[in-house]
Amino acid sequence: MFKKAFEKLKAGLSKTRKNFLGKLGDLIRGHTTIDDDLMEEIEELLISADVGVHATMTIIDRLQNRIKIDKIKDPSLVEGLLKAEIAALMGEGSYELDLSAVKPYVIMVVGVNGVGKTTTIGKIAARLKQEGKHVILAAGDTFRAAAIDQLEIWADRAGAQIVRSQPEADPAAVAFDAVDAALARNADVVLIDTAGRLHTKVNLMKELEKIKRVVQKRLPAAPHEILLVLDATTGQNAIQQAKLFNQVVDISGLVLTKLDGTAKGGIVIAIKDELNIPVKLIGVGEQVEDIQDFDPHDFVEALFA
Amino acid sequence: MFEDLSNKLESVFKQLRGQGKLTEKNIKDGLRDVRRALLESDVNYKVAKDFIKRVEERAVGEEVLRSLKPGEYVVRYVHEELINLLGGKFQDIQVAPQPPTIVMVCGLQGSGKTTLCGKFARYFRKKGKHPFLIAGDIYRPAAIHQLQVIGKQLDIPVFSIEGEKDAVTICRKGLAEAKRLGHDFVIIDTAGRLQIDEAMMAEVERIKHEIQPTEIVFVADAMIGQEAVNVAKAFHDRLAFDSVALTKMDGDARGGAALSIRAVTGKPIKYIGVGEKMDALEPFNPEGMASRILGMGDVLALIDKVQSEVDLEKAKKMEEKILKQTFTLEDFLEQLQEIRKLGPLDQLLKMVPGADKMMKGASMDERELSRVEAIIRSMTPQERRHPRIIKGSRRKRIAKGSGTTVREVNRLLEDFRQMQKMMKKMGAMQRKGKALGKMMNMKIR
Ligand SMILES: Nc1nc2c(ncn2[C@@H]2O[C@H](COP(=O)(O)OP(=O)(O)OP(=O)(O)O)[C@@H](O)[C@H]2O)c(=O)[nH]1
Ligand SMILES: [Mg+2]
Numbered sequence: 001m002f003k004k005a006f007e008k009l010k011a012g013l014s015k016t017r018k019n020f021l022g023k024l025g026d027l028i029r030g031h032t033t034i035d036d037d038l039m040e041e042i043e044e045l046l047i048s049a050d051v052g053v054h055a056t057m058t059i060i061d062r063l064q065n066r067i068k069i070d071k072i073k074d075p076s077l078v079e080g081l082l083k084a085e086i087a088a089l090m091g092e093g094s095y096e097l098d099l100s101a102v103k104p105y106v107i108m109v110v111g112v113n114g115v116g117k118t119t120t121i122g123k124i125a126a127r128l129k130q131e132g133k134h135v136i137l138a139a140g141d142t143f144r145a146a147a148i149d150q151l152e153i154w155a156d157r158a159g160a161q162i163v164r165s166q167p168e169a170d171p172a173a174v175a176f177d178a179v180d181a182a183l184a185r186n187a188d189v190v191l192i193d194t195a196g197r198l199h200t201k202v203n204l205m206k207e208l209e210k211i212k213r214v215v216q217k218r219l220p221a222a223p224h225e226i227l228l229v230l231d232a233t234t235g236q237n238a239i240q241q242a243k244l245f246n247q248v249v250d251i252s253g254l255v256l257t258k259l260d261g262t263a264k265g266g267i268v269i270a271i272k273d274e275l276n277i278p279v280k281l282i283g284v285g286e287q288v289e290d291i292q293d294f295d296p297h298d299f300v301e302a303l304f305a
Numbered sequence: 306m307f308e309d310l311s312n313k314l315e316s317v318f319k320q321l322r323g324q325g326k327l328t329e330k331n332i333k334d335g336l337r338d339v340r341r342a343l344l345e346s347d348v349n350y351k352v353a354k355d356f357i358k359r360v361e362e363r364a365v366g367e368e369v370l371r372s373l374k375p376g377e378y379v380v381r382y383v384h385e386e387l388i389n390l391l392g393g394k395f396q397d398i399q400v401a402p403q404p405p406t407i408v409m410v411c412g413l414q415g416s417g418k419t420t421l422c423g424k425f426a427r428y429f430r431k432k433g434k435h436p437f438l439i440a441g442d443i444y445r446p447a448a449i450h451q452l453q454v455i456g457k458q459l460d461i462p463v464f465s466i467e468g469e470k471d472a473v474t475i476c477r478k479g480l481a482e483a484k485r486l487g488h489d490f491v492i493i494d495t496a497g498r499l500q501i502d503e504a505m506m507a508e509v510e511r512i513k514h515e516i517q518p519t520e521i522v523f524v525a526d527a528m529i530g531q532e533a534v535n536v537a538k539a540f541h542d543r544l545a546f547d548s549v550a551l552t553k554m555d556g557d558a559r560g561g562a563a564l565s566i567r568a569v570t571g572k573p574i575k576y577i578g579v580g581e582k583m584d585a586l587e588p589f590n591p592e593g594m595a596s597r598i599l600g601m602g603d604v605l606a607l608i609d610k611v612q613s614e615v616d617l618e619k620a621k622k623m624e625e626k627i628l629k630q631t632f633t634l635e636d637f638l639e640q641l642q643e644i645r646k647l648g649p650l651d652q653l654l655k656m657v658p659g660a661d662k663m664m665k666g667a668s669m670d671e672r673e674l675s676r677v678e679a680i681i682r683s684m685t686p687q688e689r690r691h692p693r694i695i696k697g698s699r700r701k702r703i704a705k706g707s708g709t710t711v712r713e714v715n716r717l718l719e720d721f722r723q724m725q726k727m728m729k730k731m732g733a734m735q736r737k738g739k740a741l742g743k744m745m746n747m748k749i750r
């Protein structure tokens, strides 16, 4: 969906790239042989990027396997191998959202508090609007103070329509109304904002389930996409988040936000490895244009920048 | 695979404890697991490494070999070191000698600053202060409105200037207004910012210079990973903040970042956020946290709480009933009311080692409790005492009477059966916990 953004992605990611080869290159240049020391330093690099102990071990095991099988002696080859392993783990191919098949295409956005759900919706809406789509936002966060106004400001920025209710109203009803409006107005896309919730709060998670169920009453195949937003600064807890949200509503993809900071978001590797949920979009800032398609190779480059 | 650090260390230490004599090798093995557990809890790689090194040096030293139970010695030492690293005793926000006290809150986007400001306002009003909020986030859409809504909810004034493009001006004028109105506790909400955003960091620095806050609080999300170190360090280099608040502690994040932030900045964690509601704020308790990390739970705190709020006579009777398994739904209702006096249930359960895990199946949440209460209230005394007689038509009647559904009634009856089982375990655990608490207390202090 966001092909045009491809160039910007590279520009965006290279902003944080300190030099051409990055940390991994520097690290490898410091070694003349492939030994335990080198592996330990690679381990440190991966763990420091929030990849997590388990996924780090998996990656290093695979790397060592390759080195053994291919009888590799030259440390300068390690960088390429390592990057290839991780990119393969993240999955090749395109994760673009395919909006052409159905109308309205319903996207529900979920996640814990403060990760960037509302902002992401604003950005997606703006991009789709630019592509000439008719977009409706559903103000499904009826809980947090001023959340509806926040979405309204984004709707204005994006030039999208918004379906809203009073604070504390039933979010499922708002979502239902938005889908209903989309059908009546022949809109292309509905984006449903939801309140931030910790994955451990059973009742709040049930509420998400209900939103989904109620939307399906109006449009059985919806939501066509349920995106879980993860903050790149999040550590190992992101795995729990992915697991529990996935249990409740079947996550179709991740949005990794705040990659404009220094956080690498390595936890998505562990999530892909363990739960096979792909990253679809990344957030690289607070402005309307700061959203991009996920590209595994660029991600890996940035991981070691 | 990813259990709590507590559970993880618990099992590691059980192993260490079990070994009558420690060799250098099994200390190293044990500590490798500790290191892994720390990393899985998001303790920074280097911080974890240093920590393990220190423990190891001490553990393989002479003292250990001379001590009667080396395993326990190591456990105790790890615990002590964690408390040290977390900063010893609780320290409160500083009060300005000349009012008003000015608290400035800063941190990354989405860390929970605005909510924390509201919580501080409410908390310090309870302590006799007259709080005043200043809305300094002019960037995020509706951020000012968010603080206004919170202020209205709490009935605490919020200062903002419509359309003002300079946060420093807002803060300066807000402070003047607070002084004019005689408020002695000013809380400034600032916009979230990345530590590498030069313009934004310069802005918050200017606010600091203009306002001269009594205390700058750095807010970090308990879920933050390895980045905690870079972020905290950058904010500290720039602002020399005075303390840290950890938010979203009501989740299941293991909060290893607490160790990291403390290690790189040396500044104490003072408060923790434990929920979205305005009363969900607690003083940080280093010893409790260290114990919690080590899987001993905050048993002491729980005992304190129980003793101060629960009718002990009643509690004793209950315990007997639980043990004898003559516990009925009527008792359950009574118990529920006692428990609710103690505070949010999920918080309470966190203090009991293992309880969190045990409760995972059973949904325990405040709103749910109200429904449960309603259901039980719609039963006849006989039904409460003998839930087994509650069949189809009775279930329907109860559902109707309590404004719930038959499904919910069914679930409650099922949960009650589960609960009976669990309470039996909890009773046993609490007794064990008490003993353990005493033991730890004796040996450490
Ligand atoms: N730097 C940066 N900030 C972001 C990004 N995405 C969102 N933010 C900021 O993060 C903060 C929280 O974003 P929101 O969109 O309100 O997050 P949310 O998940 O909707 O939050 P709740 O509804 O309160 O749970 C805001 O200050 C956003 O501007 C990003 O990609 N980069
Ligand atoms: Mg939101």
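Here the protein sequences line up with chains W and P, keeping their order. Just so we're aligned: the first sequence equals residues 1 to 305 in our numbering. Just so we're aligned: the second sequence equals residues 306 to 750 in our numbering. Note that beta-carbon positions come from the ideal geometry of N, C-alpha and C, so glycine has one too.
One finds Q150, I153 and W154 in chain W with Cβ atoms closer than 7 Å to the Cβ of P/P446, taken in chain order.
In this structure, DSSP gives P/E587 an extended state, which the three-state scheme calls strand. Distances taken from the Cβ of W/N113 to the heavy atoms of ligand 1 include one shorter than 7 Å. At a C-beta separation below 9 Å, P/H450 has these neighbours in chain W: A145, A146, D149 and Q150. Assignment of P/L438 by DSSP, reduced to helix, strand and coil, places it in the strand class. In the same chain as P/L544, and ignoring 5 residues on each side of it, the C-beta atoms closer than 7 Å to its own belong to C411, V509, E510, K513 and I521, in chain order.
Around the CB of P/P686, fewer than 16 other CB atoms lie within 10 Å, so the residue is classed as exposed. Its Cα nearest to that of W/I282, the residue W/V268 stands out among W/N276, W/V268 and W/H31. For a cut-off of 8 Å, the C-beta gap from P/G393 to P/P518 is around 24 Å, too long to register as a contact. Boundaries of the beta strand (DSSP E) around W/A139: V135 to G140. Relative to the Cα of W/A182, the nearest Cα in the group W/V288, W/P104 and W/L81 belongs to W/P104.
Under the three-state reduction of DSSP, W/E85 is assigned to helix. Each residue's CA atom was taken as its position, placing W/K23 and P/Q399 some 41 Å apart.
Using a 10 angstroms sphere on the CB of W/K117, the tally of other CB atoms reaches 16 or more, which defines it as buried.
One thing to note: W/L45 has its Cβ within 8 Å of the Cβ of W/F304. According to the DSSP assignment, P/F429 belongs to no beta strand (DSSP E) but to the alpha helix (DSSP H) extending over K418 to K431. Between P/F490 and P/G479, the C-beta gap is not smaller than 8 Å, which leaves the two residues out of contact. In this structure, the alpha-carbon of P/A563 lies about 8 Å from that of P/I574. Proximity of chain W to P/L344 at the Cβ level (cut-off 7 Å) is accounted for by I47 and V53, in chain order. Judged by DSSP in its simplified three-state form, W/E225 adopts strand. With fewer than 16 neighbouring CB atoms inside 10 Å of its own CB, W/P220 falls in the exposed class.
In the three-state reduction of the DSSP assignment, W/L99 falls in the coil class, being assigned neither a helical nor a strand state. When the beta-carbon positions are compared, W/A242 and W/I192 stay at least 8 Å from each other.
Here P/G412 is bridged, per DSSP, to P/V524. Here the alpha carbon of P/R381 sits roughly 27 Å from the alpha carbon of P/S548. Residue pairing of P/D494 in beta bridges, as defined by DSSP: P/V410 and P/A440.
Here the distance from the Cβ of W/T118 to the nearest heavy atom of ligand 2 is below 7 Å.
Assignment of W/Q216 by DSSP, reduced to helix, strand and coil, places it in the helix class. A distance below 6 Å between beta-carbons, with the five flanking residues on each side excluded, links W/W154 to the following residues of its chain, in chain order: G122. When W/A125, W/D260 and W/E274 are compared, the shortest CA-CA separation from P/E503 is found for W/D260. Counting C-beta pairs with one atom in each stretch, the stretch 550-557 of chain P and the stretch 522-529 of chain P have three or more that are closer than 8 Å, which means they touch. According to the DSSP secondary-structure assignment, P/F464 is paired through a beta bridge with P/I439.
Residue contact with chain P for W/V284: absent (no Cβ-Cβ distance below 8 Å to any residue of chain P). The secondary-structure analysis by DSSP pairs P/L717 with nothing; it has no beta-bridge partner. Comparing alpha-carbon positions, the option among W/I148, W/I60 and W/V110 lying closest to W/E207 turns out to be W/V110.
A Cβ of chain W is located within less than 8 Å of the beta carbon of P/G415.
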